[in-house]
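For reference, the structure is listed below as structure tokens.
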Amino acid sequence: GDAFGLTPRERQVLAALARGATNREIAAELFMAEKTASVHVSRILAKLDVRSRTEAAAVAHRHGLGG
């Protein structure tokens, strides 16, 4: 399983985030509301125990979860 307990959807969101996508871009790419993308990002930050999108992207790249 995934080391961080991310759902498949969260992994997709994280991959997009790691490429530098904004919440709006993530929402468009994954066919969800921007608000939903924002909620996913918040959960991902909590699961990765990081405070920022930049840190989350760094963790994603380090663990091969980037886009």
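11 is the number that this note's numbering gives to position 20 of the sequence shown; each next residue is one higher, with no gaps. Quick reminder that beta carbons are idealized off the backbone N, C-alpha and C, glycines included.
On the premise that VAL50 lies in contact with ALA28, defined as a C-beta separation below 8 Å, what is that separation, rounded to the nearest angstrom? For the purposes of this step, residue 28 is identified with residue 37 of the sequence shown, where counting begins at 1. For the purposes of this step, residue 50 is identified with residue 59 of the sequence shown, where counting begins at 1. About 18 Å; that fails the 8 Å criterion.
Can you tell me whether ALA24 is buried or exposed? The criterion is at least 16 other CB atoms within 10 Å of its CB, across all chains shown. In the sequence shown, the residue the question calls residue 24 occupies position 33. So ALA24 ends up on the exposed side.
Same chain only: Cβ atoms within 8 Å of GLY(-4), ignoring 5 sequence neighbours per side: To locate residue -4, count along the sequence shown from 1; it is residue 5. Closer than 8 Å at Cβ, skipping near neighbours: LYS38.
Please name the residue, chosen from ASP40, ALA48, ALA47 and ILE35, that lies closest to ARG0 on a Cα-to-Cα basis. The count along the sequence shown starts at 1 and reaches residue 0 at position 9. It is ILE35.
Take the Cβ of ALA(-6) as the centre, count every other Cβ of all protein chains shown within 10 Å, and call the residue buried at 16 or more, exposed below. Working through the sequence shown from its first residue, we reach residue -6 at position 3. Answer is exposed; the Cβ neighbour count stays below 16.
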